[in-house]
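*Asks:* Here it is: the structure, laid out below.
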Amino acid sequence: MAGERTYQPHDPIGIFDSGLGGLSICREIVQLLPNESIIYLADSRNAPYGERSKEEIIALSVKNTELLIASGCKIVVVACNTATTNAIRHLRSHYDIPFIGIEPAIKPAALHSKTNKIGVLATKGTLSSELFAITSRQYRDEIEIVEVEGKGLVTLIESGQLEATKPLLEEYLGRMEAKGVDKIVLGCSHYPFLIPIIREIIPDSIQVIDSGEAVARQTKNVLIERHILHTSDHHPRRSFFTNGDEKILAGFLQQIHLEGQQIAFRSF
Ligand code: DGL
Numbered sequence: 358m359a360g361e362r363t364y365q366p367h368d369p370i371g372i373f374d375s376g377l378g379g380l381s382i383c384r385e386i387v388q389l390l391p392n393e394s395i396i397y398l399a400d401s402r403n404a405p406y407g408e409r410s411k412e413e414i415i416a417l418s419v420k421n422t423e424l425l426i427a428s429g430c431k432i433v434v435v436a437c438n439t440a441t442t443n444a445i446r447h448l449r450s451h452y453d454i455p456f457i458g459i460e461p462a463i464k465p466a467a468l469h470s471k472t473n474k475i476g477v478l479a480t481k482g483t484l485s486s487e488l489f490a491i492t493s494r495q496y497r498d499e500i501e502i503v504e505v506e507g508k509g510l511v512t513l514i515e516s517g518q519l520e521a522t523k524p525l526l527e528e529y530l531g532r533m534e535a536k537g538v539d540k541i542v543l544g545c546s547h548y549p550f551l552i553p554i555i556r557e558i559i560p561d562s563i564q565v566i567d568s569g570e571a572v573a574r575q576t577k578n579v580l581i582e583r584h585i586l587h588t589s590d591h592h593p594r595r596s597f598f599t600n601g602d603e604k605i606l607a608g609f610l611q612q613i614h615l616e617g618q619q620i621a622f623r624s625f
């Protein structure tokens, strides 16, 4: 197994996504674990992952993981549903470092649905993955899962055009509403940035669920289990690298109240 070494509490948490979506997870991690240093990789040059083959998604996830390991990270958060559902099994079997993944939050939605109908908005890569099929199969006897591919959303978000997603969202969410869903699961880490627009489209009676907080809690639990949680009250270092547009990254960091962090362009 590659990359075996002893991890220390002061080592940073590594986070990667196909771009800026994982910042919605990063926000939750910073809130729950304010002492932790972070290295974030936005692989925007290769977004959207959701349109790629499983083999390509694995290769990109390996590239990002190796960079985070080489940068001294103690844990890797795969802040991307598409990368988790297609590549996390491969990553876990090839690297010693602990991984945290993110998957569409079907379970809480299914458990609390009163109409027994839930919607899942996700990328083609996530909806067609084996892991998603296995998870959703567990609930299909009791509830109807209305799957809708969020085609085109990630590209617009990556270029900072959030408002331009509205007509697409109207179509995608309209299909779910027509089926009578009372929960909508955001199965892509980019989509929480669209929640204000989503709320303008769907009635208050439909709850929107994302997995960000759960991922942060799981990250904390694994750090505690492995005795690598940073408990001392030091000043954390947070670095954000993109192989895309630094200005758009800076705008998203401002949105999640993390302005003033180290941002750099890096070719990876
Ligand atoms: N943010 C990603 C996810 O959670 C992937 C989006 C993409 O690159 O297609 O699925």
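Per the working numbering: the sequence shown = residues 358 to 625.
Backbone N, C-alpha and C define an ideal beta-carbon position, used for all residues, glycine too.
1) Rounded to whole angstroms, what is the Cα-Cα separation between L551 and A466?
2) Anyone know if the C-beta pair for E385 and G531 falls short of 8 Å?
3) Could you give the distance in angstroms between the alpha-carbon of I395 and the alpha-carbon of R583?
4) For S418, which option in S428, A436, C430 and G429 has the closest C-alpha, if you only look at C-alpha atoms?
5) Bridge partners for A621 per DSSP, in chain order?
6) Taking 8 Å as the threshold (C-beta atoms), are G371 and I400 in contact?
7) Within 10 angstroms of the Cβ of T483, are there 16 or more other Cβ atoms? Answer buried if so, exposed if not.
8) Is the stretch 478-493 in contact with the stretch 513-523, if contact means three or more CB pairs nearer than 8 Å?
9) Just to confirm, does D374 get its C-beta within under 7 Å of one of the non-hydrogen atoms of the ligand DGL?
10) Hey, would you say N473 sits closer than 8 Å to I502, going by beta carbons?
11) Could you say which of I620, L615 and Q612 lies nearest to S596 if we only look at CA atoms?
12) Considering only residues of the same chain and omitting the five flanking positions on each side of G360, which have a CB-CB separation below 7 Å?
13) Hey, does G476 have any beta-carbon neighbour from chain D nearer than 8 Å?
*Replies:* Concretely, from the data shown:
1) If you take the alpha carbons of L551 and A466, they lie about 19 Å apart.
2) no
3) 18 Å
4) Nearest C-alpha to S418: A436.
5) F598
6) Just to set this straight, residue 400 is Asp in the shown sequence, not Ile. For D400 and G371, no; Cβs fall outside 8 Å.
7) buried
8) no
9) yes
10) In this structure, I502 does not lie closer than 8 Å to N473 by Cβ.
11) S596 has its Cα closest to that of I620, out of I620, L615 and Q612.
12) Caution applies to G360, whose pLDDT of 49 falls short of 50 and renders its modelled position unreliable; the model cannot decide the point.
13) Looking for chain D here will not work: only one protein chain is present.
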